[in-house]
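Participant: Take a look at this one; I'll ask things after.
Chains as they are written, first to last, in this note's numbering: chain A, 1 to 371; chain B, 372 to 739.
Spelled out as structure tokens, the structure:
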């Protein structure tokens with residue numbers, strides 16, 4: 001058994017190298033942990049190309065479990081590319097990595113429960129959070145709270161208690177920002193040092209797509225054992241739909257047991273998974289993005305940061321591929337990982353074609369290889 | 372303006388023809404099923420190059436290169452014209468001798484070229500492997516970004532009154548072109564569908580010839596000229612099933628485009644791992660430090676190849692003209708193709724002899 005991770009250590013975006021019971025158990029299990037290992041290609045059936053320690057390696061498998069997680073969705077608005085604007089999770093990650101935030105004024109904006117968690121963390125580290133701007137409505141939030149099961153409700157209550165001094169404004173979104181100032185769709189402009197803004201999370205589906213796993217509405221389709229449409233490939237966590245840590249842990253166990261034929265252990269976790277799927281549906285309903293967010297960008301607002309493509313250029317394109325060909329939108333180093341999902345939302349375009357490699361690798365990755 | 376001509380295919384060849392006919396006051400409708408310049412136009416390198424495999428190939432490429440140069444002042448920045456020049460790289464004395472021959476030919480045909488010795492080659496392209504014998508620099512060659520060039524030519528036609536129809540051609544009929552959604556009546560139809568032309572004209576002497584390309588992240592000045600191994604001619608014109616050649620291009624963006632491969636009898640767009648590896652190994656043989664550049668994307672495309680390496684430009688049956696079979700030279704020769712096809716339709720006197728490109732040259736011969 002081997003666990004491959006892009007990052008230098010286990011823990012992903014949420015735990016971020018902080019060891020806990022799960023990373024400790026993983027280390028003790030005899031599982032081989034391969035850090036900074038990037039899957040860059042699918043080489044036929046049951047075989048991956050992995051870039052690791054400056055070399056390409058072939059990795060064959062009998063069972064594959066995809067736990068590729070999610071990234072933040074960024075939507076373009078005037079000023080979103082300025083240096084004081086970060087993702088919500090992005091700013092949290094930078095703060096954990098040493099960015100000084102004590103005494104800084106940070107507006108948290110966008111959508112989703114991540115905003116609470118980020119605001120609470122920033123506050124705990126001495127930042128001043130004058131406002132959380134949440135695009136969804138108070139009614140949707142109330143229905144969300146009413147729909148939570150008891151333990152989730154307590155969790156949310158605790159977070160809200162931590163955040164009691166912070167203004168939390170529903171139906172509110174950033175319309176533009178300049179250095180030191182955030183403008184919202186209502187109310188006065190808010191002075192700040194940083195703007196942490198993200199419109200929720202989107203699954204990292206690239207590897208699943210290249211493997212040929214069936215995808216619907218931006219998530220992998222799996223059965224109750226987390227089996228995808230491709231034989232011997234399971235998918236767990238956020239790529240099956242954004243639901244957070246608890247479902248990810250359940251699905252991880254289910255897929256682990258299923259992949260190793262421990263059917264009885266799988267069944268033990270199925271009821272809990274089923275209840276959490278309700279929570280997942282509730283989340284996606286509550287934090288669905290409002291159509292006004294499609295109108296935030298001005299003609300000259302940059303949509304594709306890699307290639308400096310502006311909104312009016314992309315808007316003039318007939319479709320996603322036309323935008324790529326004529327404006328190079330999504331053709332830069334990130335290969336549309338950032339602007340692609342934004343354009344899917346802004347223009348209702350389907351996800352574009354993925355060209356190999358899955359991540360930039362040197363030419364040498366393809367030299368002197370076994371066929 | 373009435374529609375007199377329907378052009379099937381808005382690749383760079385179809386777009387150039389639309390522009391040429393619109394300039395002459397002809398009513399044009401152009402049919403495209405997907406993106407403008409989204410087929411072989413987008414898959415290729417965008418190298419504007421004079422080639423001298425045959426007199427006819429030279430005549431058309433030189434004529435076309437002159438036409439491109441005549442447009443420089445009106446060309447929008449989006450076309451990313453880069454006067455990089457072609458540098459034919461000679462690995463040894465034998466190949467350098469071939470460069471000298473090539474230079475004599477160019478001298479006789481008014482094409483400027485410059486012979487580089489080992490030292491001059493190193494100065495021109497420091498990232499080439501040491502020990503190469505020299506090369507021949509053809510400064511008049513250039514690089515463009517072909518999809519925007521096709522869009523520009525098409526927009527020129529649209530501004531002049533042409534119409535773009537989105538649709539899939541189902542048949543070239545007498546007096547019209549049938550699409551899935553409608554029938555377009557016309558006096559003249561032009562098929563500029565690249566390899567897809569064979570769907571409508573099964574006996575056409577055109578075969579798909581698959582190629583791979585790789586583009587890197589931005590490394591400005593890593594490569595300065597379009598670099599092509601002198602052996603390219605051998606590989607480009609061999610009839611063997613598979614071949615690779617060193618062919619590397621600097622993009623305006625600072626990216627490096629790496630080619631090239633040639634493969635017959637393939638119709639799927641998937642990468643051929645072994646050929647791709649051979650292609651990159653060949654590139655790294657000529658430029659060892661290429662091995663360290665990050666690859667952003669790899670893809671394949673299909674050239675429309677003919678047995679005599681010359682395109683098919685002209686009447687194929689009454690009322691129906693062909694403009695296909697450009698192999699790897701479609702971007703270069705699009706403008707020349709458009710001009711001599713318009714000359715035929717308008718019964719103007721062409722600037723170059725057109726007999727070598729007429730589809731009728733294969734009459735009575737089956738596609739090989």
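The beta-carbon is built from N, C-alpha and C at its ideal position, and this holds for glycine as well.
Output, in sequence order along the chain, the residues in the segment 385-414 of chain B whose CB is closer than 8 Å to any CB in chain A.
Facilitator: 405, 406, 407, 408, 409 and 413
Participant: With DSSP as the reference, label residue 62 of chain A as helix, strand or coil.
Facilitator: The residue given as residue 62 of chain A occupies position 62 in the first chain. Note: residue 62 of chain A maps to coil in three-state DSSP.
Participant: Between residue 256 of chain A and chain B, is there a C-beta pair that is closer than 9 Å?
Facilitator: For the purposes of this step, residue 256 of chain A is taken as the residue at position 256 of the first chain. Not one chain B Cβ lies under 9 Å of residue 256 of chain A.
Participant: Starting from the C-beta of residue 50 of chain A, find all residues in its chain whose C-beta is less than 6 Å away, skip the five residues before and the five after it, and write them out in chain order.
Facilitator: Counting from one through the first chain, the residue named residue 50 of chain A turns up at place 50. Same-chain partners within the cutoff: 37, 39, 57 and 59.
Participant: Does any residue of chain A have a CB that is nearer than 9 Å to the CB of residue 588 of chain B?
Facilitator: For the purposes of this step, residue 588 of chain B is taken as the residue at position 217 of the second chain. Closer than 9 Å to some Cβ of chain A, the Cβ of residue 588 of chain B qualifies, so yes.
Participant: If we define contact as Cβ-Cβ less than 9 Å, is residue 200 of chain A a contact residue for chain B?
Facilitator: What you label residue 200 of chain A is simply residue 200 of the first chain in a count that begins at 1. It does not: the Cβ of residue 200 of chain A has no partner Cβ on chain B nearer than 9 Å.
Participant: Could you check where the beta strand (DSSP E) with residue 40 of chain A kicks off and where it finishes?
Facilitator: Locating residue 40 of chain A in the first chain gives position 40, counting from the first residue. Taken as a continuous stretch (DSSP letters only), the beta strand (DSSP E) holding residue 40 of chain A covers 38-42.
Participant: Compute the distance between the beta-carbons of residue 417 of chain B and residue 702 of chain B, then report whether it is under 9 Å.
Facilitator: In the second chain, counting from the first residue as 1, residue 417 of chain B sits at position 46. In the second chain, counting from the first residue as 1, residue 702 of chain B sits at position 331. Closer than 9 Å, so yes.
Participant: Cutting at 7 Å between CB atoms, please list the residues of its own chain near residue 248 of chain A, excluding the five before and the five after it.
Facilitator: If you number the first chain from 1, residue 248 of chain A lands on position 248. Closer than 7 Å at the Cβ level, and outside the excluded window around residue 248 of chain A, lie 236, 237 and 238.
Participant: Spatial neighbours of residue 682 of chain B within its chain, please: CB distance less than 6 Å, with the 5 preceding and 5 following residues excluded, ordered by chain position.
Facilitator: Sequence index remark: in the second chain, residue 682 of chain B carries index 311 (1-based). Only 696, 697 and 728 meet the Cβ criterion.
Participant: Kindly indicate which residue of B:402, B:378 and B:707 has the alpha-carbon position closest to the one of residue 551 of chain B.
Facilitator: Mapped onto the second chain, residue 551 of chain B falls at position 180. It is B:402 whose Cα lies nearest to the Cα of residue 551 of chain B.
Participant: Compute the Euclidean distance between the alpha carbons of residue 486 of chain B and residue 602 of chain B, then round it to the nearest angstrom.
Facilitator: By 1-based counting over the second chain, the position of residue 486 of chain B is 115. By 1-based counting over the second chain, the position of residue 602 of chain B is 231. For residue 486 of chain B and residue 602 of chain B, the distance between alpha carbons rounds to 17 Å.
Participant: Since I believe residue 399 of chain B is in contact with residue 384 of chain B (beta carbons under 8 Å), could you give me their beta-carbon distance rounded to a whole number of angstroms?
Facilitator: The residue you call residue 384 of chain B lines up with position 13 of the second chain. The residue you call residue 399 of chain B lines up with position 28 of the second chain. The pair is not a contact, with the Cβ atoms about 14 Å apart (cut-off 8 Å).
Participant: Does residue 109 of chain A have its Cβ less than 9 Å from a Cβ in chain B?
Facilitator: Here residue 109 of chain A corresponds to residue number 109 of the first chain, with the count starting at 1. False, the Cβ-Cβ gap to chain B never drops below 9 Å.
Participant: Any Cβ of chain B within less than 9 Å of the Cβ of residue 312 of chain A?
Facilitator: Looking up residue 312 of chain A in the first chain gives position 312. Taking Cβ atoms only, chain B never reaches closer than 9 Å to residue 312 of chain A, which makes this a no.
Participant: When burial is assigned at 16 or more other CB atoms within 10 Å of the CB, is residue 353 of chain A buried or exposed?
Facilitator: The residue labelled residue 353 of chain A in the question sits at position 353 within the first chain. Exposed is the call here.
Participant: Alpha carbon to alpha carbon, how far is residue 633 of chain B from residue 478 of chain B?
Facilitator: Residue numbering aside, residue 633 of chain B sits at position 262 when the second chain is read from its first letter. Residue numbering aside, residue 478 of chain B sits at position 107 when the second chain is read from its first letter. Each residue's alpha carbon lies about 30 Å from the other.
Participant: Is residue 662 of chain B closer than 9 Å to residue 284 of chain A when the C-beta atoms are compared?
Facilitator: Position 284 of the first chain holds residue 284 of chain A. Position 291 of the second chain holds residue 662 of chain B. Inclusion of residue 284 of chain A and residue 662 of chain B in the CB contact set at 9 Å is not warranted, their separation being larger than that value.
Participant: So with CB distances below 9 Å, who are the chain B contacts of residue 367 of chain A?
Facilitator: Residue 367 of chain A sits at position 367 when you count from the first residue of the first chain. The answer, in chain order, is 648, 651, 652, 655 and 662.
Participant: Just list the residues that DSSP pairs residue 51 of chain A with in beta bridges.
Facilitator: The residue you call residue 51 of chain A lines up with position 51 of the first chain. DSSP output for residue 51 of chain A lists A:38 and A:56 as bridge partner(s).
Participant: With H, G and I counted as helix, E and B as strand and the rest as coil, what does DSSP make of residue 527 of chain B?
Facilitator: Mapped onto the second chain, residue 527 of chain B falls at position 156. Three-state result, residue 527 of chain B: helix.
Participant: Should residue 318 of chain A be flagged as near chain B, meaning a C-beta pair shorter than 9 Å?
Facilitator: For the purposes of this step, residue 318 of chain A is taken as the residue at position 318 of the first chain. Yes, residue 318 of chain A lies at the interface with chain B (some Cβ there is under 9 Å from its Cβ).
Participant: I need the DSSP call for residue 739 of chain B, collapsed to helix, strand or coil.
Facilitator: In the second chain, the residue the question calls residue 739 of chain B occupies position 368. Per-residue confidence for residue 739 of chain B stands at a pLDDT of 43, beneath the threshold of 50, marking its modelled position as unreliable; no derived number is given.
Participant: Can you find the residues in the same chain that come closer than 7 Å, C-beta to C-beta, to residue 463 of chain B, ignoring five residues on each side of it along the sequence?
Facilitator: Numbered from its first residue, the second chain carries residue 463 of chain B at position 92. Contacts found: 504.
Participant: Per DSSP, which residues does residue 579 of chain B bridge with? Please list them.
Facilitator: Numbered from its first residue, the second chain carries residue 579 of chain B at position 208. B:675, per the DSSP bridge assignment.
Participant: With 8 Å as the C-beta to C-beta threshold (strictly closer), list the residues of the segment 656-690 of chain B near chain A in chain order.
Facilitator: 661, 662, 663, 664, 665, 666, 667, 668, 669 and 670
Participant: Let me confirm a value: residue 372 of chain B is counted as buried when at least 16 other C-beta atoms fall within 10 Å, else exposed. Which label applies?
Facilitator: Within the second chain, numbered from 1, the residue matching residue 372 of chain B stands at position 1. Legend: pLDDT at residue 372 of chain B = 42, less than 50; position of this residue unreliable, value from coordinates given subsequently. Residue 372 of chain B comes out exposed.
Participant: Between the segment 326-357 of chain A and chain B, which residues of the former have a C-beta closer than 7 Å to a C-beta of the latter?
Facilitator: Taking 7 Å as the upper bound on Cβ-Cβ separation, chain B lies near residues 326, 333, 335, 355, 356 and 357 of the segment 326-357 of chain A.
Participant: Counting pairs of beta carbons, one from the segment 297-306 of chain A and one from the segment 85-92 of chain A, are three or more of them closer than 8 Å?
Facilitator: Taking 8 Å as the limit for Cβ pairs, the verdict is that the segment 85-92 of chain A does not touch the segment 297-306 of chain A.
Participant: Starting from the Cα of residue 506 of chain B, find the closest Cα among B:562, B:599 and B:419 and give me that residue.
Facilitator: Numbered from its first residue, the second chain carries residue 506 of chain B at position 135. The shortest Cα separation from residue 506 of chain B among B:562, B:599 and B:419 belongs to B:599.
Participant: Go through its chain and collect everything with a Cβ distance to residue 739 of chain B's Cβ below 6 Å, but skip five positions before and after it.
Facilitator: Position 368 of the second chain, counted from the start, is the residue given in the question as residue 739 of chain B. Caution applies to residue 739 of chain B, whose pLDDT of 43 falls short of 50 and renders its modelled position unreliable; the value that the coordinates give is listed next. The residues are 678.
Participant: Please determine, among A:67, A:120 and A:21, the residue with the shortest C-alpha to C-alpha distance to residue 208 of chain A.
Facilitator: Numbered from its first residue, the first chain carries residue 208 of chain A at position 208. Considering only alpha carbons, the answer is A:67.
Participant: Checking 9 Å against the spacing of the C-beta atoms, do residue 311 of chain A and residue 323 of chain A come in under that value?
Facilitator: In the first chain, the residue the question calls residue 311 of chain A occupies position 311. In the first chain, the residue the question calls residue 323 of chain A occupies position 323. In this structure, residue 323 of chain A does not lie closer than 9 Å to residue 311 of chain A by Cβ.
Participant: Should the segment 118-127 of chain A be regarded as contacting the segment 228-235 of chain A, the criterion being three or more beta carbon pairs within less than 8 Å?
Facilitator: no
Participant: Report all residues from its chain with a CB closer than 6 Å to the CB of residue 705 of chain B; omit the five preceding and five following residues, and keep chain order.
Facilitator: Counting from 1 along the second chain, the entry for residue 705 of chain B is found at position 334. Excluding positions up to five away in sequence, the list reads 383, 384 and 387.
Participant: Sort out for me which residues DSSP pairs residue 457 of chain B with in a bridge.
Facilitator: Translated into the one-based positions of the second chain, residue 457 of chain B becomes position 86. B:509 and B:597.
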